[in-house]
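Below: one structure, written as structure tokens.
Residue numbers (our numbering), protein chains in the order written: chain R, 18 to 242; chain A, 42 to 435.
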């Protein structure tokens with residue numbers, strides 16, 4: 018089943034009168050259960066593509082279907098609900114709430130979801146999986162980078178989304194912590210999650226089953242490994 | 042809604058000191074409105090009590106024009122009343138008695154003791170009957186002493202104890218406003234009235250005020266009629282009598298009720314003015330909330346971006362930030378009410394206050410309203426943040 022279907026996506030920005038094309042004619046289908054990496058240099062448009070796939074941003078051309086639904090026919094509230102229920106974001110700089118414990122951070126998306134579940138029980142289960150049960154009350158400042166990213170991944174999982182979108186998840190980590198994070202993402206893929214990792218690092222990209230390369234806003238290669 | 046409330050409370054708790062300081066503006070504003078209006082209310086109650094204690098057959102002749110419909114005095118403050126007018130009024134049909142009253146303040150001295158801000162009354166011999174004051178010891182001044190301009194004084198009990206302690210005081214000489222008087226009596230305690238300690242008073246003949254202090258005009262004239270039923274008629278007759286010598290704008294004859302209303306009107310203006318000033322501080326408190334909420338939105342830009350990424354829609358964000366502002370002002374309002382009512386009640390030991398629950402409700406309502414009004418702009422800004430820009434915000 019196709020979960021993400023981006024058709025002829027273009028994204029333009031007007032910068033001081035001149036028009037800048039961040040993305041141009043992107044066609045990308047991602048099937049459920051795939052582990053895809055989108056690789057490209059800084060400024061290639063890979064992050065823009067991830068934002069569009071994650072429905073945080075809207076393309077200026079083309080259309081996006083999420084689980085067969087036309088995302089561009091949804092209003093702000095419906096889009097937010099779709100994001101909340103079906104997408105888990107992981108960011109390069111973790112984006113955890115400061116002065117807030119790990120458990121609270123993991124629980125954050127549960128406030129906005131329309132899914133019904135025992136949030137606390139689930140959060141504890143996931144934190145156990147990412148091996149942070151002993152750090153429930155620790156604030157981000159009291160955690161290492163790797164631990165922070167694991168909290169962020171736990172947060173992405175709390176609403177049991179279909180897709181995990183990770184933007185440079187290892188970018189702020191040393192190689193050991195980075196490997197840990199990638200192993201975690203890989204295990205999520207094995208459990209059936211669709212995982213999309215955006216990275217500039219070819220070694221990281223190679224850990225996925227499919228590598229989509231982007232240069233200057235265009236897909237230059239798309240290969241299964 | 043409960044989860045929004047929890048979110049808002051949580052972030053306010055994360056910044057406890059800031060939240061408290063922001064609330065302080067509202068606390069002070071609400072408290073000030075309540076305290077000031079309570080003070081005015083207390084004053085009003087005292088004035089009403091004082092007027093009422095004078096009896097319903099009382100009429101007051103005030104200098105200047107006091108309009109019946111308008112609020113407060115409108116005429117010039119030039120006093121054209123004379124002592125002779127008191128005698129003219131006394132002979133009007135239906136008038137039981139009339140008495141001039143001159144109010145002064147000054148110091149009283151006995152030996153090495155000095156009492157400042159004594160409530161000095163220059164009055165006629167009939168003062169005791171007119172104002173229902175009783176003598177505890179000694180006697181009041183006689184008609185002869187008044188007409189003769191004798192330097193005799195009757196003092197209130199708290200002035201007596203301040204000057205003499207437990208010593209004998211009758212026939213002792215004290216100095217009031219640099220003039221020597223012989224003490225001939227002390228009044229029964231009367232408590233406070235018109236916001237002053239009535240017992241820190243001194244009474245001497247009005248003729249003394251005229252001859253020794255060159256005070257040519259009574260502050261007002263109190264008239265008692267023989268019956269309450271003929272009050273209106275006597276009021277008109279007094280007006281007619283006075284119009285022979287004065288213009289319409291030079292005086293006003295008011296009944297007890299009108300007198301109460303007159304002061305109520307003045308105090309109403311005072312209450313509005315003080316309440317208004319306090320209201321401005323409430324408004325400033327609101328601006329403080331807005332300011333802090335804007336700071337908070339900027340500071341939490343990344344958090345807003347994140348919340349949007351994990352599924353918050355614009356309305357969720359708007360609600361959360363608006364709730365924070367409303368909680369700040371509501372909790373501030375509650376503390377302000379407690380503070381204001383507490384201080385007002387506590388002050389009754391020193392000065393009469395009367396908590397006006399209309400103003401309590403009004404100031405609390407305004408504080409809640411302020412939270413919404415001043416919280417909306419920052420909340421809208423927060424809700425409109427673009428998630429991607431917000432996420433990247435450092």
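Heads up, the beta-carbon is just placed ideally off N, CA and C, and yes, glycines get one too. All of these numbers come straight from a predicted model, not from anything done at the bench.
Alpha carbon to alpha carbon, what distance is there between residue j and residue i?
i: residue 84 of chain A; j: residue 434 of chain A; result: 57 Å
i: residue 155 of chain A; j: residue 327 of chain A; result: 48 Å
i: residue 74 of chain R; j: residue 350 of chain A; result: 10 Å
i: residue 73 of chain A; j: residue 63 of chain R; result: 59 Å
i: residue 309 of chain A; j: residue 302 of chain A; result: 10 Å
i: residue 161 of chain R; j: residue 87 of chain R; result: 40 Å
i: residue 83 of chain R; j: residue 142 of chain R; result: 28 Å
i: residue 22 of chain R; j: residue 131 of chain R; result: 24 Å
i: residue 112 of chain A; j: residue 306 of chain A; result: Residue confidence is low: residue 112 of chain A scores 41 on pLDDT, short of 50, so the model does not pin down where it sits. No coordinate-derived value is stated.
i: residue 102 of chain R; j: residue 33 of chain R; result: 37 Å
i: residue 53 of chain A; j: residue 341 of chain A; result: 12 Å
i: residue 394 of chain A; j: residue 195 of chain A; result: 29 Å
i: residue 116 of chain A; j: residue 293 of chain A; result: Because the pLDDT at residue 116 of chain A is just 44, under 50, the model does not fix this residue reliably, and the point stays unresolved.
i: residue 280 of chain A; j: residue 260 of chain A; result: 17 Å
i: residue 206 of chain A; j: residue 58 of chain A; result: 52 Å
i: residue 70 of chain A; j: residue 198 of chain A; result: 40 Å
Considering only the alpha carbon of each residue, which of the options lies closest to residue i?
i: residue 166 of chain R; options: R/80, R/111, R/87 and R/137; result: R/111
i: residue 231 of chain R; options: R/36, R/125 and R/43; result: R/43
i: residue 58 of chain R; options: R/234, R/49 and R/181; result: R/234
i: residue 407 of chain A; options: A/423, A/372 and A/426; result: A/372
i: residue 165 of chain A; options: A/151, A/381 and A/246; result: A/246
i: residue 356 of chain A; options: R/76, R/79 and R/96; result: R/96
i: residue 249 of chain A; options: A/142, A/104, A/202 and A/314; result: A/142
i: residue 172 of chain R; options: R/215, R/119 and R/189; result: R/119
i: residue 20 of chain R; options: R/48, R/39 and R/40; result: R/48
i: residue 181 of chain R; options: R/36, R/51, R/38 and R/18; result: R/51
i: residue 45 of chain A; options: A/146, A/59 and A/358; result: A/358
i: residue 262 of chain A; options: A/70, A/190, A/144 and A/86; result: A/144
i: residue 339 of chain A; options: A/225, A/430 and A/410; result: A/430
i: residue 400 of chain A; options: A/174, A/422, A/377 and A/119; result: A/377
i: residue 207 of chain R; options: R/189, R/193, R/226 and R/220; result: R/226
i: residue 186 of chain R; options: R/202, R/174 and R/179; result: R/202
i: residue 212 of chain R; options: R/30, R/144, R/177 and R/27; result: R/177
i: residue 214 of chain A; options: A/183, A/162, A/230 and A/153; result: A/153
i: residue 225 of chain A; options: A/47, A/257, A/209 and A/231; result: A/209
i: residue 360 of chain A; options: A/398, A/420 and A/403; result: A/420
i: residue 220 of chain A; options: A/191, A/417 and A/424; result: A/191
Going by DSSP in three states, residue i sits in which element: helix, strand or coil?
i: residue 254 of chain R; result: Since the first and last residues shown for chain R are 18 and 242, residue 254 of chain R lies out of range.
i: residue 49 of chain A; result: helix
i: residue 29 of chain R; result: strand
i: residue 138 of chain R; result: helix
i: residue 172 of chain A; result: coil
i: residue 255 of chain A; result: coil
i: residue 154 of chain A; result: strand
i: residue 36 of chain R; result: strand
i: residue 232 of chain R; result: strand
i: residue 306 of chain A; result: helix
i: residue 107 of chain R; result: strand
i: residue 162 of chain A; result: strand
i: residue 49 of chain R; result: coil
i: residue 217 of chain R; result: coil
i: residue 44 of chain R; result: strand
i: residue 181 of chain A; result: coil
i: residue 167 of chain R; result: helix
i: residue 128 of chain A; result: helix
i: residue 220 of chain A; result: strand
Does the Cβ of residue i have 16 or more other Cβ atoms within 10 Å, making it buried, or fewer, making it exposed?
i: residue 270 of chain A; result: exposed
i: residue 132 of chain A; result: exposed
i: residue 298 of chain A; result: exposed
i: residue 65 of chain R; result: buried
i: residue 37 of chain R; result: exposed
i: residue 35 of chain R; result: exposed
i: residue 69 of chain R; result: buried
i: residue 89 of chain R; result: exposed
Chain C beta carbons: is any one of them nearer than 9 Å to that of residue i?
i: residue 343 of chain A; result: Absence of chain C from the displayed structure is noted, the protein chains being R and A.
- Item | Positions along the region 111 to 132 of chain R whose CB lies within less than 7 Å of some CB in chain A | 112, 114, 116, 125, 126, 128, 129 and 130
- Which residues, taken in chain order from the region 70 to 84 of chain R, show a beta carbon closer than 7 Å to some beta carbon of chain A? The region 70 to 84 of chain R vs chain A, Cβ under 7 Å: 73 and 74.
- Message: Residues of the region 350 to 362 of chain A in Cβ contact with chain R at a cutoff of 8 Å, in chain order, please.
- Response: 350, 351, 352, 353, 354, 355, 356 and 357
- Could you run through the region 409 to 429 of chain A and flag, in chain order, every residue whose CB is less than 9 Å away from some CB of chain R? 427, 428 and 429
- Listed from N- to C-terminal order along the chain, which residues in the region 226 to 241 of chain R have their beta-carbon within a distance smaller than 9 Å of any beta-carbon of chain A? none
- Under 7 Å (Cβ pairs) to chain R, residues found in the region 50 to 64 of chain A: 55
- Could you list the residues in the region 86 to 100 of chain R with a C-beta less than 8 Å from some C-beta on chain A, going in chain order? 93, 94, 96, 97, 98 and 100
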